[in-house]
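For the sequence shown, our numbering gives the first residue as 7, with consecutive numbering after it. Just so you know, even glycine gets a beta-carbon here, dropped at the ideal spot from N, CA and C. This one's a predicted model, so the numbers in the text were calculated from it and none came from an experiment.
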Amino acid sequence: MSISKKSMIWTSIVVALFLVCLVYPGQVFGAIGKLISVLNPLILGGVMAYAVNLLSRQLEKWLWPHASQKWAQGSRRPLAILFALLIIVLVIAGVMRLVIPQFVDAINSFFKTLPSTLNDVTHWLNQIDQDHTISKRITAATADFNWQSVETKATKYLTAGASGLFSSTVSIFSNIFAGLINFVLSFVFSIYLISGKEKIGGWLNRLMDDFLPAKFVAKTRYVVKVTDKMFSSFIAGQVLEGFILGALCTLGMMLFRFPDAVSIGALVGVSALIPMIGAWIGGVVGFVLIAVTSPIKAILFVVFIIVLQQVEGNLIYPRVVGGTIGLPGILVLGAITVGSGLAGIVGMMLAVPVTATLYRLMRNATFKKEGILKE
């Protein structure tokens, strides 16, 4: 078959697919959505494998890299995967160990002090309402209120809701069970991917070499290589940025004598893995923890987090993350803004590495066209 015939076949296939999408958009996108929902465990497993592999491949370089014994070569990767998973679990468990006890104590303290707080509020209102003007207005407003109607409606609502309580409970537990099953499948799939990445990669390379044009295969491998470099650099930069932000938050809270500085700083650092808004998540929890002991300090902590977030969003994040992936700071901010508008938190997390990949591909293509880049 000649090259022209091959190109005609590929062109015909593309045109046919475009026409099908144009004529039956609802059916096509519905089928794509259904396929994605079915493949969700595999997609999640691939994401988990990529994240764990970034750490495990570094650990592989440190585990007796020059050993020639078979037992050392055979155990290097399983140990690297095991150590990578242990590190991730220990970091998450450590942060939870720091934050959850303080959060539980804060909630308990809140409920313990609630009666005295209500008594103080009641006493304060009585002092203000010495002539009983407010009480008289409340009594007059409630005198004509039809409490029997409210009771009837509430009883009817509870009776109707009770019938669906069992089905709702079953649905919740079934969703939790399905989520656990999907997580287990994703985890097992990710381990298989990391363990046999060379074999899987070799198989895919053989398929591409045998059935796809050589120029297309070369371009695809080049794009995959650039994408992998940008995404891995982005994750490394995000971790570094989270560490810097957590350290700054801890030091600032110690400087201003805020309580629970270490636990809140650790939470802010871990939540900073979500670009730009992650610090706010830790800030909300920190506000709750501090507000129980000192509402004034909690308000001051909010001011501190706002200032820190501005510094992080406009100085630290564009420089640290943008520097690791070679993306200008203005493009980092623009990518996060557009990504959050299109797909929320997921869009924010993917926007920066995707933009960095496109930026690097366009830059390399421009340099190659100008003769600056040879390869």
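DSSP three-state assignment for residue i, whether helix, strand or coil
| i | result |
| --- | --- |
| Glu376 | coil |
| Asp266 | coil |
| Leu279 | coil |
| Leu104 | helix |
| Ser300 | coil |
| Leu45 | coil |
| Met7 | Because Met7 carries a pLDDT of 45, less than 50, the predicted location of this residue cannot be relied on, and no value is offered for it. |
Sequence-distant residues of the same chain with beta carbon closer than 6 Å to residue i, five excluded per side
| i | result |
| --- | --- |
| Met7 | Its pLDDT being 45, under 50, Met7 is placed unreliably by the model, and the measurement read from it follows with that caveat. The answer is none, since no qualifying residue turns up. |
| Gly51 | Ser192, Phe195 and Ser196 |
| Asp266 | Gln108 and Leu295 |
| Ser269 | Leu104, Val105 and Gln108 |
| Ala304 | Phe293, Ile296 and Ala297 |
| Leu25 | none |
| Gly345 | Gly353, Met354 and Ala357 |
| Leu254 | none |
Integer Cβ distance of residue i from residue j, believed to fall under 8 Å
| i | j | result |
| --- | --- | --- |
| Ile197 | Ile87 | 7 Å |
| Thr363 | Val232 | 6 Å |
| Leu367 | Val229 | 7 Å |
| Ser62 | Ala90 | 4 Å |
| Arg82 | Ser201 | 12 Å between Cβ atoms; not a contact. |
| Leu261 | Ile322 | That belief does not hold up - the Cβ atoms of Leu261 and Ile322 are roughly 18 Å apart, past 8 Å. |
| Ala278 | Glu247 | 6 Å |
| Ile342 | Val317 | At roughly 16 Å, the Cβ-Cβ gap does not stay under 8 Å, so Ile342 and Val317 are not in contact. |
| Asn188 | Pro47 | 5 Å |
| Val276 | Val101 | 5 Å |
| Phe264 | Phe307 | 6 Å |
| Pro324 | Leu339 | 6 Å |
Neighbourhood of residue i by C-beta, 7 Å cutoff - its chain only, sequence neighbours within 5 removed
| i | result |
| --- | --- |
| Asn181 | none |
| Val223 | Met214 and Asp215 |
| Gly258 | Phe310 and Leu314 |
| Arg369 | none |
| Tyr365 | Leu333 and Leu337 |
| Leu65 | Ala86, Phe89 and Ala90 |
| Gly39 | none |
| Met392 | Outside the displayed range of the chain (7 to 381) lies residue 392, so it cannot be described from this structure. |
| Cys27 | Val34 |
| Leu41 | none |
| Glu204 | none |
Residues near residue i in its chain [Cβ-Cβ closer than 8 Å; skip 5 each side]
| i | result |
| --- | --- |
| Gln75 | none |
| Ile280 | Ile287, Ile351, Met354 and Met355 |
| Val291 | Val105, Phe109, Ile270 and Leu273 |
| Val58 | Ile87, Ala90, Leu91, Ile94, Ser196 and Ile200 |
| Phe249 | Gly275 |
| Ile98 | Val276 |
| Glu376 | none |
Contact with chain D by residue i, beta-carbon distance below 8 Å
| i | result |
| --- | --- |
| Ile270 | Although the question refers to chain D, the structure presented lacks it and comprises just one protein chain. |
**Study point:** Within the stretch 170-251, ranges of the alpha helix (DSSP H) (whole runs, at least 4 residues)
**Key:** 171-201 and 203-217
Check your understanding: In chain order, which continuous runs of the beta strand (DSSP E) of length 3 or greater are located wholly inside the stretch 57-96?
Key -> none
**Study point:** Every unbroken alpha helix (DSSP H) within the stretch 322-365, with a cutoff of 4 residues, ordered by chain
**Key:** 323-331
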